[in-house]
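Quick note, the sequences are listed as chains A and B, same order. Under the working numbering, the first residue of the first sequence is numbered 900, with each subsequent residue one higher. Under the working numbering, the first residue of the second sequence is numbered 2, with each subsequent residue one higher. Cβ atoms here follow ideal geometry from the backbone N, Cα and C, with glycine treated the same way. Below: the structure, in structure tokens.
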Amino acid sequence: MQKILIQNGSIVFEDSIQKADLLLENGKIMQIDSKIIAKNADVIDATNKFIFPAFIDIHTHLREPGYTRKEDIASGSLAAVKGGFSQVCCMPNTSPVCDNPTIVYYIKNRAKEVNLCKVHPIGAVTSSLNGQKLTEVGKMKELGVVAISDDGRPVENAAMMANAMQYAANFGLKVLSHCEDSSLAKGGSVNEGTNATKIGVKGIPKVAEEIMIARDILLAEYYNLPIHICHVSTKTGVQLIREAKLRGVQVTCESCPHYFILTDDCILSLNANAKVNPPIREEEDRIAIINGIIDGTIDCIVTDHAPHHEEEKNCAFDLAAFGISGLETSFALSYTHLVKTNKISLSKLGSLMSTTPAKILNLEGGNLGVGAVADITIVDLNKKFVIDSQKFLSKGKNTPFNGMEVYGVVAYTIVNGEVKYKGE
Amino acid sequence: MLSKDLLGISLLEKEDIIEILKLAKAMKKDVVAKKVDDSILKNRILATLFYENSTRTRVSFELAGQHLGAKTVTIVAATSSIQKGESLLDNGYTLDALGADFIVLRHSIAGASHILARATQASVINGGDGANEHPTQALLDALTMQEYFNTFQDLKVTIMGDIKHSRVAKSNIYLLNKMGAKVTIFAPNTLLPRGIEALGVKVAKTKEEALQGANVVMGLRIQLERMEAGLYPSFSEYNKYFGVCVDDLKFADTKAIVLHPGPVNRNVELTSNVIDGEQSQIYNQVTSGIAVRMAVLKLLKAGKN
């Protein structure tokens, strides 16, 4: 196995940034020192670059098996490493649904063949995501699922959610909850509000999300079990979680760049690339998400990478698919809008995109200590670029950020001590 | 000393249990030797009133009564006035009028036997009421354990299965705690009732932990309808993570015995080679059942006199 020496970079630790060299060998970080001399090592010059624990996305849609015109494990893995991700956790809403050990086995093995980033399947909570029948969580865990979720749809029945949380706990797994009350959200495409009214498109009320966040928090509290809330998008949602954490409820949550950068003004151009579930909300929500990130209410940033074929997006809002292709823009967007604007530190961003997601799902990685797995992302923070979805390696070119100028280009993504991506 | 009825183990004193088991031990010998004194319940009437399906318990009570010389009558839901809407109490008054001395009641609602007992002259024996109690099952389990271990003191009994909906688990927990045994339970979290720890059991986190050093391994039946309600995903997954196979028994004491109240789902709660294995006392439990019920009938008769 190759030996890699990373020289002259600035290492982003959880509590500080230090200039030092790193030596990687046998898939591990062997040495960190101010100056390392190593024979027979491939040298990466990281002068003026920053070294992060490689990013970990715990909310990705890779679409394989079944929807490979949108994305497949190979194209999604390429997009992941280009975005600086060494690990992605893929949601089960494929076809067939990842609700049984056979599909888990397929995804793990296909990812091994592709051999770029680590792919961790997330198993379905209920068979066919239909909310009726609990899946074989134990068998799926043995084959590699790291959590269970019916993401894309809520677990509507509270008793089923309670069962899932309790049963998953037998196997040390968490439920990742897509919070949406279908009776309130049904038929909507965008945030319910003035802008939805202006364009005449049916809205999804914020309360549809908040009512389920509240329910799941109460379930977690009653059963004294963990719950992870997916893609928080509203001010009240953040507040519910903040209050729950203060009470000691085992709740964690995530948000995505589009919720802390954009507002639903972006729907006024009637471009369905801004259609995502939950929908992009209003300015007060955007601010609340940022404040939640700053005060730790929001534990991590995920992409909710949801690639679609152009035909599924180049249509009216009502008909378009929900989702944003996010793996290749997440870091630069987060860096530009959170760190460059002095809202959070670079170390905090490293935690949000690597250390904390690893902790939430109990994954290896997310830290840069001697002996840790050599999953490393090297970034040029001074380099700016204009987001151009036609250059995405993902099959999904659907993004509302096209044309936006951002800072932070991934120079290298190293997985298990091997370079899996090298920027231009 | 037993009074008019036997409604639950929770209502018994340790001395009552010892007395029943002592008599049952003797009765079991007589049953096996086919030398039962059939004058004990001569001219007495035993009615079994079953609102839920059961073959084993009903036949066991009827045989117990017959061995002791009682006349037995059977009222099952499908063939009686129960289907015409006659209430539990109406049935009780009718059975009293028919001269029943004992009524064995099986009902899906917890507390049904208490309601009946308050209304009837006849002695009521709870043959299982909802998720409340099934006292004679716990007594026959205890008789079987006692044969092997003599004492209950510090006996490690592991109960695995649907604890949440189980009257058998409850009656066993009450009995074993009164007798000084140590009860460990194990089930998917979805099949554990809230607050069970306070009944004096240890809740194991893993199958290995549950079985470690167990003297008695008791499986409980898993109902298909619980799967349909989303409490566990499949029989095969249940068996793999929560059931007992021969390899799992290696964690238990080498002299451990295996019990199950029946009917067993083969290869769900217990694999076939466990059910049919050397450590299994499942059919011995059935014989213990007749003896325990004979003892209870005799003591209840004495209690009323």
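| Item | Value |
| --- | --- |
| Selection from Ser1132(A), Asn1281(A), His1208(A) and Leu1218(A) that minimises the alpha carbon distance to Tyr1234(A) | Asn1281(A) |
| Contacts around Gly181(B), its chain only, beta-carbon distance under 6 Å, and the 5 residues preceding and following it disregarded | Phe153 and Gln154 |
| Glu1304(A) - partner residues in DSSP beta bridges | Val1285(A) |
| Chain-order list of residues whose beta-carbon lies under 6 Å from that of Thr185(B) (same chain, five-residue window excluded) | Thr159, Lys203, Ala205 and Ala211 |
| Expected contact under 8 Å - CB spacing of Leu1117(A) and Ala1061(A) to nearest Å | Not really, about 10 Å apart at Cβ, beyond 8 Å. |
| Three-state secondary structure assigned by DSSP to Phe243(B) | helix |
| C-beta atoms of Leu117(B) and Ile104(B) nearer than 8 Å | yes |
| Burial state of Ala1215(A) (16 or more Cβ within 10 Å) | exposed |
| Cβ-based burial, Asp932(A) [other Cβ within 10 Å; buried from 16] | exposed |
| When Ser985(A), Gln1031(A), Asp1163(A) and Val1045(A) are compared against Ala1057(A), the one with the closest alpha-carbon | Gln1031(A) |
| The region 1114-1133 of chain A touching the region 1145-1154 of chain A, judged by at least three CB pairs closer than 8 Å | yes |
| Segment contact flag, the region 1179-1196 of chain A with the region 973-980 of chain A, C-beta cutoff 8 Å, min 3 pairs | no |
| Inter-residue Cα distance where the pair is Ile905(A) and Val942(A) | 6 Å |
| Three-state secondary structure (DSSP) of Ile1223(A) | strand |
| Helix, strand or coil at Glu1091(A) according to DSSP, with G and I counted as helix | coil |
| Alpha helix (DSSP H) runs wholly inside the region 945-1014 of chain A, at least 4 long, in chain order | 972-981 and 1000-1013 |
| Backbone secondary structure at Arg1180(A) - three-state DSSP | coil |
| Counted within 10 angstroms of its Cβ, other Cβ atoms place Glu198(B) as buried (16 or more) or exposed | exposed |
| Cross-chain neighbours of Gln1065(A) in chain B, by beta carbon under 7 Å | Asn190 and Thr191 |
| Three-way DSSP call (helix, strand, coil) for Arg1052(A) in this model | coil |
| Runs of beta strand (DSSP E) wholly within the region 122-196 of chain B (minimum 3 residues, chain order) | 124-130, 157-161 and 183-187 |
| Nearest-angstrom Cα separation, counted from Pro194(B) out to His1204(A) | 40 Å |
| C-alpha distance - Ala101(B) paired with Ala123(B), whole-angstrom precision | 6 Å |
| Contact under 8 Å by Cβ, Gly1092(A) with His1207(A) | no |
| C-alpha gap between Leu1083(A) and Tyr1320(A), whole angstroms | 43 Å |
| Integer-rounded CB distance, given that Pro1156(A) should sit under 8 Å from Ser1253(A) | Not confirmed; about 15 Å, so no contact. |
| 6 Å CB neighbourhood of Val980(A) in its chain, flanking five on each side removed | Leu1015, Cys1016, Thr1312, Lys1319 and Tyr1320 |
| For Leu301(B), three-class secondary structure by DSSP | helix |
| Sub-8 Å separation of Gly1037(A) and Lys241(B) beta-carbons | yes |
| Cβ-based neighbour list, Lys1144(A), same chain, cut-off 7 Å, excluding 5 preceding and 5 following | Val1150 and Thr1196 |
| Asn1069(A) versus Glu209(B) - alpha carbon distance | 13 Å |
| Span of the beta strand (DSSP E) around Val1150(A) | Val1150 to Ser1154 |
| CB contact below 8 Å: Ala1068(A) versus chain B | yes |
| Interface flag, Asn1261(A) vs chain B, CB-CB below 8 Å | no |
| Beta-carbon spacing of Lys1105(A), Arg1180(A) below 8 Å | yes |
| Reduced DSSP category for Leu232(B) - H, G, I as helix; E, B as strand; rest coil | coil |
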